[in-house]
């Protein structure tokens, strides 16, 4: 029950982040409608900051790789634990 | 193969440790400036994805036509890793595109086909998991289609007019922007080595699972 | 020669069974019609189909209906094979396996073509789409798209007969691979629905569809045998 609530909350948090990011920044006029403006001629408050996107990209790469490594580690642990318990049961049966 | 694991890990770790320095030292691209630095992870991720996909496809073909079970284990490992690197590519791409194109996503030929390729690989994993007995062969067939489809994905930017840059950006990087080559080559090598390492780990997991299965079967007799 | 005869025999068998009961034919047709009707209600505003992008809407709906009813027909056809265990019998026969595949493929193409014969006039009527302005090109596009879709579909549906979750697996496997075929078909058809019809564009997409067909049929012929053996 608690586990399901935690999963639902985590999903909401994960979705809320990108959803908030997708909202157009307040006060940004659609400059493209009046005609093409060179990006360095746009006033600073109408340009998207690049650094957060860059950091998010690199962070995602690391998070994804670590998550996959953790998943392999977990699965390997489960399989080896099962193997050990199976061997133990066999030894008990053969011994007794 | 087992003996290569530690040296490979050390080399890969060293490459990834040096990568941020190399990327910071690389020159800015004239129109995109800072955001273009995603290039050094975005393209190598797709290179790794394609490598994994071809490993998966060839292993699947060997499993399908020769029946070698080890090939099937390599195939499932490569399939998972291809999904991983494809996901990295599909997330870093829109993050770059948000700044460079102004939109998170466009339904142009390259983005659409790349997304579909990722879906084919996810379908590959789903067939293996939920297809029931004998699903390894079915999945091998899907992997072969995925491998063939990847050629269309790669060439889509050259055949159609897309918002995504063409393949010539990377293939002629040596002439157009030689100062970017060291960082790019380093990252490309690092990602392919990383893919190989993950493949070795995942194949080990598959082998352990097979051994466990055999132990259960032997136990029943 | 044996190849062609085997394929045609398999086709004749399927047609003979279908003519007797007409079950798959009627259900597929009815599903295709309901599909188009649902889309009509979704897109019609104040009694008229959308005026802007009318070509794209009509083309899109036509091809979606073809894809969905094709998936349904695939499922039903091979369910019948599974129920009668006839596929196993076919595979035991001393016939080249790829010929069996081609026979089933031809049957599928025939079934989908009959559905399209009903769908095209319906879409033309309900969406006021000039699908009969260039009938040869539209037919060529539909045929090429059907062959591409059916080629992949027949392979996967045959493969999935033994799988437990075959009903849900077929769309999961089929759509990512055949969506490029659908996209090419939609773009080609929509180019023909503009005023005046853009024949050059449609011919280009027809070329794309043909290359997909060649690749898919070749790959399917190559993999059918190992995929069907235990």
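Residue numbers (my numbering), protein chains in the order written: chain Y, 68 to 163; chain F, 15 to 235; chain V, 13 to 242. Note that CB positions come from ideal geometry on N, CA and C, so glycine has one too. Quantities reported herein were computed from a predicted structural model and do not represent experimental measurements.
Buried or exposed by the 16-neighbour rule on C-beta atoms within 10 Å, applied to residue i
i                     : result
residue 178 (chain V) : buried
residue 116 (chain V) : buried
residue 102 (chain F) : buried
residue 133 (chain Y) : exposed
residue 20 (chain F)  : exposed
residue 151 (chain F) : buried
residue 71 (chain F)  : buried
residue 35 (chain V)  : exposed
residue 90 (chain Y)  : Note that residue 90 (chain Y) has pLDDT 43, beneath the 50 cutoff, so the model's placement of it is unreliable and the number below is only indicative. Residue 90 (chain Y) is exposed by the Cβ-count criterion.
residue 96 (chain Y)  : With a pLDDT of only 45 at residue 96 (chain Y), under the threshold of 50, the placement of this residue in the model should not be trusted, and no figure is reported.
residue 113 (chain F) : buried
residue 142 (chain F) : buried
residue 128 (chain V) : buried
residue 122 (chain Y) : exposed
residue 147 (chain F) : exposed
residue 200 (chain F) : buried
residue 63 (chain F)  : buried
residue 160 (chain Y) : exposed
residue 274 (chain F) : A question about residue 274 (chain F) goes unanswered here, because the residues of chain F that appear run from 15 up to 235.
residue 132 (chain F) : buried
residue 130 (chain Y) : exposed
residue 165 (chain F) : exposed
residue 169 (chain V) : buried
residue 8 (chain F)   : No answer is possible for residue 8 (chain F): the residues shown for chain F start at 15 and end at 235.
residue 92 (chain Y)  : Its pLDDT being 44, under 50, residue 92 (chain Y) is placed unreliably in this model, and the value from its coordinates should be taken loosely. Exposed, since its Cβ has fewer than 16 Cβ neighbours within 10 Å.
residue 110 (chain V) : buried
residue 230 (chain F) : exposed
residue 22 (chain V)  : buried
residue 226 (chain V) : exposed
Chain F residues whose Cβ lies nearer than 8 Å to that of residue i
i                     : result
residue 227 (chain V) : 162
residue 171 (chain V) : 151, 152, 155
residue 118 (chain Y) : 48
residue 125 (chain V) : Neighbours of residue 125 (chain V) on chain F: none; closest Cβ ~24 Å, over 8 Å.
Contacts of residue i in chain V (Cβ-Cβ under 8 Å)
i                    : result
residue 76 (chain F) : Within 8 Å Cβ-Cβ: nothing; residue 76 (chain F) doesn't reach chain V, min ~11 Å.
residue 79 (chain F) : 238
7 Å Cβ cut-off: residues of chain V touching residue i
i                     : result
residue 127 (chain F) : 192
residue 71 (chain F)  : In chain order: nothing, as chain V lies at least about 11 Å away.
residue 159 (chain F) : 189, 231
Closer than 9 Å at the beta carbon, the chain Y residues around residue i
i                     : result
residue 55 (chain F)  : 124, 125, 128
residue 212 (chain F) : 132, 135, 136, 139
Contact list for residue i against chain V, beta-carbon separation under 9 Å
i                    : result
residue 99 (chain F) : Under the 9 Å cutoff, chain V gives no residues; its nearest Cβ is about 17 Å from residue 99 (chain F).
Beta-carbon neighbours of residue i, restricted to chain Y and to distances below 7 Å
i                    : result
residue 52 (chain F) : 121, 124
residue 86 (chain F) : Ordered by position in chain Y, no residue passes the 7 Å Cβ test against residue 86 (chain F), which lies about 17 Å from the chain.
Contact list for residue i against chain F, beta-carbon separation under 7 Å
i                     : result
residue 131 (chain Y) : 98, 101, 102
residue 142 (chain Y) : 219
residue 184 (chain V) : 137, 140
residue 177 (chain V) : 144, 145, 146
residue 235 (chain V) : 78, 155, 158
Beta-carbon neighbours of residue i, restricted to chain Y and to distances below 8 Å
i                     : result
residue 172 (chain F) : Result: empty, since nearest Cβ-Cβ is about 25 Å, beyond 8 Å.
residue 122 (chain F) : Those within 8 Å of residue 122 (chain F) in chain Y number zero; the least Cβ separation is about 18 Å.
Listed by chain order, chain F residues near residue i by CB distance under 9 Å
i                     : result
residue 134 (chain V) : Those within 9 Å of residue 134 (chain V) in chain F number zero; the least Cβ separation is about 27 Å.
- Message: Taking 8 Å as the cut-off, does the segment 106–124 of chain V touch the segment 79–86 of chain V (at least 3 CB pairs, one atom from each stretch)?
- Response: yes
- Item | Every unbroken alpha helix (DSSP H) within the segment 158–224 of chain V, with a cutoff of 4 residues, ordered by chain | 178–205
- Query: Residues in the segment 216–228 of chain F with C-beta within 9 Å of chain Y's C-beta atoms, listed in sequence order?
  - Reply: 216, 218, 219, 222, 223, 225, 226
- Item | Three CB pairs or more closer than 8 Å across the segment 116–136 of chain Y and the segment 43–50 of chain F | yes
- Item | Touch test, the segment 195–210 of chain V against the segment 140–160 of chain V, Cβ-Cβ under 8 Å, three pairs minimum | yes
- May I ask you to list, following chain order, the residues of the segment 102–115 of chain F that have a beta carbon less than 8 Å from some beta carbon of chain Y? For the segment 102–115 of chain F, the residues whose beta carbon sits under 8 Å from a beta carbon of chain Y are, in order, 102, 105, 106, 109, 110, 112, 113.
- Query: Counting pairs of beta carbons, one from the segment 185–202 of chain V and one from the segment 67–79 of chain V, are three or more of them closer than 8 Å?
  - Reply: Contact holds: three or more Cβ-Cβ distances are below 8 Å.
- Task: Mind checking the segment 131–152 of chain F against chain V and listing, in chain order, the residues whose C-beta falls within less than 7 Å of any C-beta there?
- Result: 133, 134, 137, 140, 141, 144, 145, 146, 148, 149, 151, 152
- Count the C-beta pairs between the segment 28–40 of chain F and the segment 177–184 of chain F that are closer than 8 Å, then say yes if the count reaches three, no if not. no
- Item | Residues of the segment 213–226 of chain V whose Cβ lies closer than 8 Å to any Cβ of chain F, in chain order | From the segment 213–226 of chain V, no residue has a Cβ closer than 8 Å to chain F.
- Item | Ranges of the alpha helix (DSSP H) found wholly within the segment 71–106 of chain V, counting only runs of at least 4 | 98–104
- Cβ contact (3+ pairs, closer than 8 Å) linking the segment 155–174 of chain F and the segment 54–70 of chain F: yes
- Message: Three or more C-beta pairs under 8 Å: does that hold for the segment 18–32 of chain V against the segment 106–126 of chain F?
- Response: When C-beta atoms of the segment 18–32 of chain V are compared with those of the segment 106–126 of chain F, fewer than three pairs fall below 8 Å, so the two segments do not count as touching.
- Query: Touching or not, the segment 211–228 of chain F and the segment 87–95 of chain F, by the rule of three or more beta carbon pairs under 8 Å?
  - Reply: yes
- For the 8 Å Cβ check, are there 3 or more pairs between the segment 140–158 of chain Y and the segment 74–82 of chain F? Segments in contact, no.
- Task: Can you check the segment 144–215 of chain F for any beta strand (DSSP E) of at least 3 residues that lies completely inside it and give the ranges in chain order?
- Result: Correct list: empty.
- Query: What are the uninterrupted segments assigned as beta strand (DSSP E) that are 3 or more residues long and contained completely in the segment 56–123 of chain F, given in chain order?
  - Reply: none
- Cβ contact check for the segment 50–66 of chain V and the segment 133–148 of chain V: 3 or more pairs under 8 Å: yes
- Query: Does the segment 162–176 of chain V touch the segment 215–235 of chain V, meaning 3 or more C-beta pairs lie closer than 8 Å?
  - Reply: yes
- Message: Residues of the segment 87–112 of chain V in Cβ contact with chain F at a cutoff of 8 Å, in chain order, please.
- Response: So nothing in the stretch comes that close.
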